[in-house]
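Notes for the one structure printed next.
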Amino acid sequence: MKKIKPVRISNSIIFDNSFIYLQSMCSYPYSEKEKLENQIYSLSKTNCSLIRFSIRNEKEIEFAKELKEKYQRDDFIFVADTHFLPRLAILSIKNGFRKVRINPGNMDFKQINEIAKVAKDFDSTIRIGLNGGSINEKVDLEKSDYVKQIIKLFETYLEPFEKENFDKIVLSAKFSDYNLAIKVNRELNRNFSYPIHLGVTEAGTKIRSTILHTLFLDKMIKEGIGSTVRISITGDSIEEIDIGNEILKSLGVYRGINVISCPTCGRTWGNLTRYVQDLTNLIKPLEYQLFKKESMIKKPISVAIMGCEVNGPGEAKDADFGASLTKDGAILFSQGKIDCKITKEKIAETLMSLIQNRINKN
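For reference, each letter of the sequence shown is one residue, going 975 to 1336 in my numbering.
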């Protein structure tokens, strides 16, 4: 893994490639204050580490600042997302935002010097975040050297910061084409030593975004690239975190509870879908706590809920804990051995109790 310049956002959030932090972005306008606050509160109860706000004018900075003062914690940091006008980035920094995003695709380079000076004075972090949809006037994606053009654009925007000896910088290059995103992020990692924010932009609905991000992150994480991720979806911000958790868990980055369940068939003894969902609903808030850097368990826990006697006993036996449905209940397995018989209605809470006891012992 390449050594990068560590960037401390807060005492709890340090971008140094030793951990991948999930983030999201508020999707409601400031005019819908109640919905916006509910969204912030809901995200604050997950393992979302950074929450981004679109900033279009001075009034929005003031409003976002009020929300920041109400909800921000050391492990839940507010980020100002600015475009077009450098003065909005500067005002966001002066209003106490610890991290501010600027876009080299649409922001006037001539005023970057002032952003660099103010960011250094206020010890803020700057994300130089490029999107494929905003670089058409500066990069010709039809030419064979488009990746070199993108790297050159980053070099141009980094120069004022480096002249100020300012290195609290995060880089990102997002595209809707995940193959292009892979190429560019590899070059970012090869050419610079700053932390990289990963993601596929305009990734669409939940299913499509999950597929694109899994393919993308599998490549990036195996190559040691990335300190933070946003799973962009056209949908609920909480789902961005939930999908991110499942992807990072599947890739072995996060260690939590792996639920194994069969697809069901005509032999299934009961409503397996509901039993699995009941257990998943109990696990989710626990994993929100486990998926913080200081709380990660040493080894994943596997839990199986199976629908019949064909594969049920074998899968349940191989898991740390498991339940295999029978005609009149379920057989509970613990550490590969039959524990007892339980009713189907007790499956989720019984397995959850075993999971919690294992975590408490660790």
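Ideal placement from N, C-alpha and C gives every residue a C-beta, glycine not left out.
Chain-order list of residues whose beta-carbon lies under 6 Å from that of residue i (same chain, five-residue window excluded)
i, result
"F1058", "N1080"
"K1148", "N1105, G1173, T1175"
"D1039", "It is Lys, not Asp, that sits at residue 1039 in the sequence shown. So the qualifying residues of the chain are N1069."
"L1065", "I1035"
Endpoints, the beta strand (DSSP E) within which residue i is located
i, result
"V1144", "1143-1148"
"G1420", "It is not possible to answer for residue 1420, since the shown part of the chain is limited to 975 through 1336."
"Y995", "995-999"
"D1055", "1051-1056"
"T1300", "1295-1300"
"M1280", "1275-1280"
"K1320", "Note, K1320: premise wrong, no beta strand (DSSP E); not H, not E."
"S1235", "1231-1235"
"R1204", "1202-1204"
CB of residue i within 9 Å of CB of residue j, strictly
i, j, result
"Y995", "K1258", "no"
"N1153", "M1194", "no"
"S1308", "A1278", "no"
"I1170", "V1144", "yes"
"N991", "F1265", "no"
"I1102", "Y1120", "no"
"I987", "L1024", "yes"
"V1003", "F989", "The question names Val, yet the displayed sequence has Pro at residue 1003. No; because the gap between Cβ atoms is not below 9 Å, this pair is not in contact."
"I1215", "S998", "yes"
"E1261", "K1223", "yes"
"A1063", "I1089", "yes"
"I1217", "L1017", "no"
"K976", "S1167", "yes"
"F993", "S1146", "no"
"K1311", "K1291", "yes"
"T1317", "G1281", "no"
"E1197", "N1163", "yes"
"I1067", "F1027", "no"
"N1087", "I1125", "no"
"C1236", "G1303", "no"
Limits of the unbroken alpha helix (DSSP H) element including residue i
i, result
"K1267", "From DSSP, K1267 is part of no alpha helix (DSSP H); its letter is neither H nor E."
"I1316", "I1316 -> not in any alpha helix (DSSP H); beta strand (DSSP E) instead, spanning 1311-1316."
"G1218", "1211-1224"
"T1188", "1180-1196"
"F1135", "1120-1137"
"A955", "There is no way to answer for residue 955, as the model of the chain reaches only from 975 to 1336."
"K1117", "It is not in any alpha helix (DSSP H) - K1117 carries neither H nor E in the DSSP assignment."
"S1308", "Counting along the chain, S1308 falls outside any alpha helix (DSSP H), though it belongs to the beta strand (DSSP E) covering 1303-1308."
"N1163", "1152-1165"
"K1094", "1086-1096"
"K1073", "No alpha helix (DSSP H) holds K1073; the beta strand (DSSP E) holding it covers 1073-1076."
"L1104", "First-last for L1104: 1099-1105, but that is the beta strand (DSSP E), not the alpha helix (DSSP H)."
"R1061", "1060-1068"
Chain-order list of residues whose beta-carbon lies under 7 Å from that of residue i (same chain, five-residue window excluded)
i, result
"R1072", "I983, S984, I1051, S1098, T1099"
"K1112", "G1079, L1127"
"K1094", "E1138, F1140"
"Q1085", "P1060"
"L1328", "F1295, S1308"
"D1048", "S984, N985, S986"
"N1077", "H1057, G1103, L1104, N1105, S1108"
"E1006", "none"
Beta-carbon proximity list for residue i, same chain, < 8 Å, skipping 5 on both sides
i, result
"L1253", "V1233, V1277, I1279, I1321, A1322, L1325, M1326"
"E1116", "none"
"I1333", "L1260, L1264, I1271, I1275"
"K1157", "V1121"
Chain D within 9 Å of residue i, Cβ atoms only
i, result
"I1143", "Absent here is chain D; the protein component of the structure consists of one chain."
Practice task
Decide yes or no for the touch test of the stretch 1243-1252 against the stretch 1205-1214: beta carbon pairs closer than 8 Å, at least 3 of them.
Solution key: no
Handout entry: Contact between the stretch 1127-1137 and the stretch 1181-1193 (3+ Cβ pairs under 8 Å)
Key = no
Practice task
Indicate whether the contact test is met: 3 or more Cβ pairs, each with one atom in the stretch 1219-1236 and one in the stretch 1029-1036, closer than 8 Å.
Solution key: no
Handout entry: Cβ contact check for the stretch 1006-1017 and the stretch 1036-1055: 3 or more pairs under 8 Å
Key = yes
Handout entry: Segments assigned alpha helix (DSSP H), at least 4 residues, entirely inside the stretch 991-1038
Key = 1007-1018
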